[in-house]
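K.L.:
The listed protein sequences derive, respectively, from chains A and B.
Take -1 as the starting number for the first sequence in the working numbering and just add one per residue.
Take 844 as the starting number for the second sequence in the working numbering and just add one per residue.
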Amino acid sequence: MDHYKMNLTLKVWRQKNNKTKGGFVTYKVENISSEMSFLEMMDVLNERLISEGQEPVAFDHDCREGICGTCSMYINGRPHGPWHANTTCQLHMRAYKDGDTITVEPWRANAFPVIKDLIVDRSGFDRIIQAGGFISVNTGNAQDANSLPVAKDLSDASFAAAACIGCGACVAACKNSSAMLFVSAKVSHLSLLPQGEPERKSRALAMVAQMDKEGFGSCTNTQACESVCPKEISMTSIARLNSEYLLAGLSERS
Amino acid sequence: MKWSEFFTSSIGKKFIMSLTGISLIAFLVVHVGINATIWANDGGDMFNKASHFMGTTVVIRILEVGLFVGLILHIIQGLVLEIQNRSRRKTGYAVSLGNRGSKWYSRSMGLLGTLLLFFLIMHLSHFWVPSRFSDLPTVDIDGKEVANQYAEIVRVFQSPLVDVLYILGCASLLYHLLHGFQSAFRTLGVPNGKYMVLIKRVGFAFSVIVCVAFAMMPVSVYLEWVS
Chain A
-1 MDHYKMNLTL KVWRQKNNKT KGGFVTYKVE NISSEMSFLE MMDVLNERLI SEGQEPVAFD
59 HDCREGICGT CSMYINGRPH GPWHANTTCQ LHMRAYKDGD TITVEPWRAN AFPVIKDLIV
119 DRSGFDRIIQ AGGFISVNTG NAQDANSLPV AKDLSDASFA AAACIGCGAC VAACKNSSAM
179 LFVSAKVSHL SLLPQGEPER KSRALAMVAQ MDKEGFGSCT NTQACESVCP KEISMTSIAR
239 LNSEYLLAGL SERS
Chain B
844 MKWSEFFTSS IGKKFIMSLT GISLIAFLVV HVGINATIWA NDGGDMFNKA SHFMGTTVVI
904 RILEVGLFVG LILHIIQGLV LEIQNRSRRK TGYAVSLGNR GSKWYSRSMG LLGTLLLFFL
964 IMHLSHFWVP SRFSDLPTVD IDGKEVANQY AEIVRVFQSP LVDVLYILGC ASLLYHLLHG
1024 FQSAFRTLGV PNGKYMVLIK RVGFAFSVIV CVAFAMMPVS VYLEWVS
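1) Looking at the C-beta of Ala1058 (chain B), does it have a partner C-beta in chain A at a distance below 7 Å?
2) If we require 3 or more residues per run, which beta strand (DSSP E) segments fall completely within the stretch 978 to 1013 of chain B?
3) Any idea if Trp11 (chain A) is buried or exposed, counting beta-carbon neighbours within 10 angstroms, 16 or more meaning buried?
4) Name the chain B residues whose beta carbon is nearer than 8 Å to that of Val118 (chain A)?
5) Quick one: what's Phe22 (chain A) bridged to in DSSP?
6) When you compare only the Cα positions, how much space is there between Asn5 (chain A) and Thr1030 (chain B)?
7) For the alpha helix (DSSP H) that Glu925 (chain B) lies in, which residues bound it at each end?
8) Determine the contact status of Phe870 (chain B) and Leu910 (chain B), defining contact as a CB-CB distance below 7 Å.
9) So with Cβ pairs under 7 Å, would you call Met965 (chain B) a contact of chain A?
10) Does the Cβ of His1022 (chain B) have 16 or more other Cβ atoms within 10 Å, making it buried, or fewer, making it exposed?
11) So Ser866 (chain B) contacts chain A; which residues on that side make the cut at Cβ distance below 8 Å?
12) Could you tell me the boundaries of the alpha helix (DSSP H) in which Thr218 (chain A) lies?
13) Near Asp888 (chain B), what residues of its chain come up, given a Cβ to Cβ distance below 6 Å and the 5 sequence neighbours on each side ignored?
14) Beta-carbon within less than 6 Å of Ala107 (chain A)'s beta-carbon, same chain only, minus the 5 sequence neighbours each way: which residues are those?
15) Beta strand (DSSP E) containing Leu101 (chain A): first to last residue?
16) Thr1074 (chain B) CB to nearest chain A CB: under 7 Å?
17) Can you look up Asn144 (chain A) in the DSSP assignment and give me helix, strand or coil?
18) With three or more C-beta pairs closer than 8 Å as the rule, is the stretch 73 to 87 of chain A touching the stretch 125 to 144 of chain A?
19) Taking the straight line between their C-alpha atoms, what separation do you get for Ala1056 (chain B) and Thr880 (chain B)?
20) Strictly by DSSP, which residues pair up with Val27 (chain A)?
21) Check whether the Cβ atoms of Val997 (chain B) and Val1064 (chain B) lie closer than 7 Å to each other.
22) Which residue's Cα is closest to the Cα of Cys162 (chain A): A:Met91, A:Ile65, A:Lys211?
23) Are the C-beta atoms of Gln208 (chain A) and some chain B residue less than 7 Å apart?
24) Quick one: give me the first and last residue of the alpha helix (DSSP H) that Val181 (chain A) is part of.
25) Specify, as a first and last residue, the run of the alpha helix (DSSP H) that Ile113 (chain A) falls within.
Take a look at the structure:
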């Protein structure tokens, strides 16, 4: 693909902190290379703002290689921008052409309050993991891998669920701000493996209880989450969490 | 886990929506089957016999109570979920996701359900209320006096406005079912794969066949395809 340069209009959400009211500010950026990543384009904007003595746009980023789940921008009406199975940091400016206007918003959900500009507080996800997204075993020394047989299809399914990077795009896309795709990926990842079996019921119950407590909505199976997930976590996970939760809730005796 | 905790959790609430939804789907099978007897073209005899059976059999009347309980639970729980889910995002997006990744009707179940509720109020006041609470004229079938429900249908469907409202009601039902049928089973835990493929196909066929059959009732009467 040919390299080209472009001038863009950015409408970026600016908000000082979660106490103040935010709003969109329009910026022009010029001479942007088609080979830049979206975050590098934001860096160019921020360098200019700093040199002009203005406050740079605050946004979350860490690995910039699509595996940490830190970047979180809602770009032109879609979490992580227009590309399928992609994170904002892996979105490249060749997705745009000269003269485009790009609207950049933070994730929107009551459970993800804005900290500043495009940064939201996703610690709700951490608390859901703390409620049950683990296994409690004394690992001791490393064992022979073959001492605990795991069927290949289950190990593949577990791995596919474990690919969730917890970015929150599912919540951002869902009309109900539901975190079911995230929670179901974490529950699936562990419940499919023998190591996760002993705490299977308590895990599903505790993680869903925490999810509700954090103020996420309930799932209505619209599948918007699946379509924007950078790691292509499947709706099958949600169905699995439903059955895990129903079986656990109904089989408990007290 | 207490029952109260189970049924008030986000998944517990969906569980109620799913079970009541599936029971209402089962009811539609009975309803559309009885409606189809008008196409026997026997001046409404078969339809009146079926209506008489449904209205006077004790077991059916008991099931009717269950049907209303399920319906009311479905309506109340649906409204509660819709209101709660809408309140989860106080600040909305300037640019919305639009029709990407999800079907419009899957995002509009609250709206479609509300339209259906209005339709249902009209529908019950047209047929169910008069049959229960007033004395309809009777006809003699095989030496038995039965209420002439068929004449009621013919009378009500003479109005083009009512017919259009019924067809719109059936359209709302179609889209409500297109999402509701498969969503109910997903909530019960059916994963993607061969069962989901089956459920999607059966759900699509069921929704189209049932809703078209219902919509053909006012059309058939108005265009005098049945006599």
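All C-beta atoms, glycine included, are put in the ideal place defined by N, C-alpha and C.
Given the structure is predicted, the values throughout are model-derived calculations rather than measurements.
P.N.:
From the atom records:
1) no
2) 981 to 984, 987 to 990
3) buried
4) Near Val118 (chain A) there are no residues of chain B at all, since even the closest Cβ is about 11 Å away, more than 8 Å.
5) A:Trp11
6) 47 Å
7) 901 to 929
8) yes
9) no
10) buried
11) In chain order: nothing, as chain A lies at least about 17 Å away.
12) Run containing Thr218 (chain A): none; DSSP gives neither H nor E here.
13) Ile984
14) Val169, Ser175
15) In the sequence as presented, Leu is not what sits at residue 101 (chain A); that position holds Thr. Element bounds for Thr101 (chain A): 99 to 103.
16) Residue 1074 (chain B) is absent from the structure shown; chain B starts at 844 and stops at 1070.
17) helix
18) no
19) 11 Å
20) A:Leu6
21) yes
22) A:Ile65
23) no
24) 178 to 189
25) Taken as a continuous stretch (DSSP letters only), Ile113 (chain A) belongs to no alpha helix (DSSP H), being part of the beta strand (DSSP E) at 112 to 114.
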